[in-house]
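Numbering-wise (the numbering used here), the sequence shown opens with residue 19 and increments by one.
Glycine residues also receive a C-beta, built at the ideal position from the N, C-alpha and C atoms.
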Amino acid sequence: MNQGSGERFPRNLFVDVSVIARRDAGTGIQRVVRSLWCQLRAVDSDSMNVIPVAGTRRGGYRVIRNDFLERPLSRLPLPFGKARMRPKSGDIFLGLDLAAHIIPYRRSDLLRWRRAGVSLAFILYDMLPIQHPEWFGVSMRTKFAQWLDIVGRQADHVICISKSVADDFREWLTAAVTKRAERPAIAVMRLGAFIRSTESSGGMPLDAQDRLAWARNNRTTLMVGTIEPRKGYDQALAAFEHLWNERQRSDATLLIVGRPGWETEALQHRLRSHPEVGRRLCWIENASDEYLEKLYSACSGLLLTSRGEGFGLPLIEAAVHGKPILARDMTVFREVAPSGVAFFAGDDSVCLAEAMLSWLDGPVVIPASVDLNGWDVTAGDLLAALDMQIDAGWPANMR
Numbered sequence: 019m020n021q022g023s024g025e026r027f028p029r030n031l032f033v034d035v036s037v038i039a040r041r042d043a044g045t046g047i048q049r050v051v052r053s054l055w056c057q058l059r060a061v062d063s064d065s066m067n068v069i070p071v072a073g074t075r076r077g078g079y080r081v082i083r084n085d086f087l088e089r090p091l092s093r094l095p096l097p098f099g100k101a102r103m104r105p106k107s108g109d110i111f112l113g114l115d116l117a118a119h120i121i122p123y124r125r126s127d128l129l130r131w132r133r134a135g136v137s138l139a140f141i142l143y144d145m146l147p148i149q150h151p152e153w154f155g156v157s158m159r160t161k162f163a164q165w166l167d168i169v170g171r172q173a174d175h176v177i178c179i180s181k182s183v184a185d186d187f188r189e190w191l192t193a194a195v196t197k198r199a200e201r202p203a204i205a206v207m208r209l210g211a212f213i214r215s216t217e218s219s220g221g222m223p224l225d226a227q228d229r230l231a232w233a234r235n236n237r238t239t240l241m242v243g244t245i246e247p248r249k250g251y252d253q254a255l256a257a258f259e260h261l262w263n264e265r266q267r268s269d270a271t272l273l274i275v276g277r278p279g280w281e282t283e284a285l286q287h288r289l290r291s292h293p294e295v296g297r298r299l300c301w302i303e304n305a306s307d308e309y310l311e312k313l314y315s316a317c318s319g320l321l322l323t324s325r326g327e328g329f330g331l332p333l334i335e336a337a338v339h340g341k342p343i344l345a346r347d348m349t350v351f352r353e354v355a356p357s358g359v360a361f362f363a364g365d366d367s368v369c370l371a372e373a374m375l376s377w378l379d380g381p382v383v384i385p386a387s388v389d390l391n392g393w394d395v396t397a398g399d400l401l402a403a404l405d406m407q408i409d410a411g412w413p414a415n416m417r
């Protein structure tokens with residue numbers, strides 16, 4: 019977007035945190051939102067103001083307090099300040115949160131800002147509701163499609179979390195948005211890999227030490243992610259049942275960390291009522307970042323069975339902790355995985371069980387960690403994609 023030569027400083031970067039400001043669900047997307055916000059907030063620059071904003075369907079966008087992450091999650095309403103969002107020419111609105119349930123209602127605001135010389139930028143985490151609608155409910159599919167249409171028709175910048183997502187978006191844009199002459203600039207930012215490098219969530223449950231000891235004292239395979247159809251927990255549980263019942267592998271234990279999701283009620287019931295619960299199976303439904311980091315350290319390795327991802331943050335987080343990794347063979351995992359990750363193919367539970375036997379009984383291979391980035395690198399990629407130059411960097415303890 020042409021902002022003209024009369025651009026005034028400092029420029030404002032309005033960061034949309036509408037979802038996480040209400041509730042941090044602890045998903046991979048929200049770990050990225052939290053980590054990036056903490057990096058952006060720490061920028062000390064005379065040329066840029068970083069301002070958090072949150073919107074509603076009816077009330078539009080308003081500035082909120084910088085300390086919104088520090089509020090108890092149950093405290094409502096939103097921590098609105100007194101100021102409405104009043105962008106000027108040269109400013110940027112950054113859709114950091116996936117506010118697909120809000121943005122379609124603010125379409126007129128976006129158009130007005132863009133006509134006034136404000137650039138619109140959005141983070142694109144994946145295209146899965148478009149590519150695999152069967153994995154999502156009707157409401158989620160509809161809202162995402164409306165959100166993506168606005169991004170395709172109005173965004174000046176689209177920043178993707180992997181090359182695979184960027185390729186998927188370009189393909190969709192070519193087919194779905196045929197009348198827009200000026201295409202958005204598409205960039206890829208490298209995601210950080212360190213959970214505790216930012217203002218992460220804290221707190222340990224009363225039984226944390228017992229569960230950590232259980233994980234350390236067994237050959238425990240960790241899985242991380244919301245319990246939803248695409249994550250492949252159904253295949254993983256069936257594979258472990260094969261190991262326990264058919265291959266008599268009493269040393270194989272499974273620890274799942276992830277909140278209950280959608281369209282998986284029967285699977286959730288199986289996980290809660292399984293005869294191996296407390297012996298060789300454990301599901302932790304709500305873990306803070308502090309707790310999750312300790313669980314990574316306590317477990318023997320990570321299993322990643324997801325059938326679709328925009329990135330796959332647990333893969334990188336496990337590599338940081340020096341854990342062996344077995345992941346589904348997908349293009350995006352091949353793109354982001356460090357060397358040393360083992361891959362499996364297919365949806366059959368027996369084939370996965372056999373792949374796990376080879377993985378468990380073979381030599382321990384620790385993925386390389388030389389190419390893992392801090393969240394300061396992610397924020398730098400983001401600001402570079404937005405053509406925002408800063409005159410200072412990040413404090414060393416934020417990397």
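Self-check item: Limits of the beta strand (DSSP E) - the one that F258 falls within
Solution: First-last for F258: Y251 to N263, but that is the alpha helix (DSSP H), not the beta strand (DSSP E).
Quiz item: Should the region 242-258 be called in touch with the region 356-363, which here means at least 3 C-beta pairs below 8 angstroms?
Solution: no
Quiz item: What is the rounded straight-line gap between the Cα of A163 and the Cα of S324?
Solution: 22 angstroms
Quiz item: Using the beta-carbon count (16 or more within 10 Å), is K341 buried or exposed?
Solution: buried
Quiz prompt | Meets three-Cβ-pair contact criterion under 8 angstroms: the region 143-160 and the region 299-309 | solution = no
Self-check item: Residues near N235 by beta carbon distance below 6 angstroms, same chain, minus five either side
Solution: none
Quiz item: Alpha carbon to alpha carbon, how far is A345 from W232?
Solution: 24 angstroms
Practice problem: Let me know the secondary structure DSSP gives L224 once reduced to three states. | Solution: coil
Exercise. Provide the residue span of the alpha helix (DSSP H) that contains T396, from first to last.
Key: W393 to A403
Exercise. Between the Cα of Q48 and those of R59, L58, V35 and A60, spot the shortest distance and give me the residue it belongs to.
Key: V35
Quiz item: In three-state DSSP terms, what is R80?
Solution: strand
Quiz item: Are the region 50-59 and the region 388-398 touching by the rule of at least three beta carbon pairs closer than 8 angstroms?
Solution: yes
Quiz item: Is it buried or exposed for H287, if we count other Cβ within 10 angstroms and need 16 for buried?
Solution: exposed
Quiz item: In terms of alpha-carbon separation, which member of S182, S367 and P223 lies closest to A205?
Solution: S182
Quiz item: If L128 and I82 are in contact, beta carbons under 8 angstroms, what's the gap, nearest whole angstrom?
Solution: The Cβ separation is near 19 angstroms, so there is no contact.
Quiz item: Is there a Cβ from chain D that is less than 8 angstroms from the Cβ of E327?
Solution: Absent from the structure: chain D. Only one protein chain is present.
Quiz item: Relative to the C-alpha of L404, which residue among L114, Y251 and S306 is closest?
Solution: L114
Exercise. Could you round the C-beta distance between I418 and L320 to whole angstroms and report it? I think they count as a contact, below 8 angstroms.
Key: No statement about residue 418 is possible, as the shown extent of the chain runs from 19 to 417 and does not include it.
Self-check item: Proximity to A270 [Cα-Cα], best of A371, E200 and R237
Solution: R237
Quiz item: Measuring CB to CB, does L285 end up less than 8 angstroms from D307?
Solution: no
Quiz prompt | DSSP state of E69 mapped onto helix, strand, coil | solution = Residue 69 is actually Ile in this sequence, not Glu. Strand at I69.
Quiz item: Does DSSP put D34 in a helix, a strand or coil?
Solution: strand
Practice problem: Determine the DSSP secondary structure at P278, reduced to helix, strand or coil. | Solution: strand
Quiz item: Can you tell me where the alpha helix (DSSP H) with C369 in it begins and where it stops?
Solution: S367 to D379
Exercise. Kindly identify the DSSP beta-bridge partner or partners of M145.
Key: DSSP, once it has assigned bridges, lists no residue as partnering M145.
Quiz item: Mapping DSSP to helix, strand and coil, what is P121?
Solution: Here residue 121 is Ile; the residue named in the question, Pro, does not match the sequence. Residue state, collapsed to three classes: helix.
Quiz item: Rounded to whole angstroms, how far is the Cβ of L146 from the Cβ of G170, which I believe are closer than 8 angstroms?
Solution: Contact doesn't hold; Cβ gap of about 16 angstroms is too wide.
Exercise. Give a yes or no on whether the C-beta atoms belonging to E179 and L224 are separated by under 8 angstroms.
Key: The residue you asked about is not Glu; residue 179 is Ile in the sequence shown. No, these two residues do not count as a Cβ contact at 8 angstroms.
Quiz prompt | Three-way DSSP call (helix, strand, coil) for M241 in this model | solution = strand
Exercise. Locate the beta strand (DSSP E) running through I343, then write down its first and last residues.
Key: I343 to R346
Quiz item: Roughly how many angstroms lie between the CA atoms of F258 and L272, to the nearest whole one?
Solution: 8 angstroms
Quiz item: How about I177 and L230: do their beta carbons lie closer than 8 angstroms?
Solution: no
Quiz item: Can you tell me the Cα-Cα spacing of F140 and A203, whole angstroms?
Solution: 11 angstroms
Self-check item: Secondary structure, beta strand (DSSP E): runs of 3+ residues fully inside the region 296-324
Solution: 299-302 and 319-322
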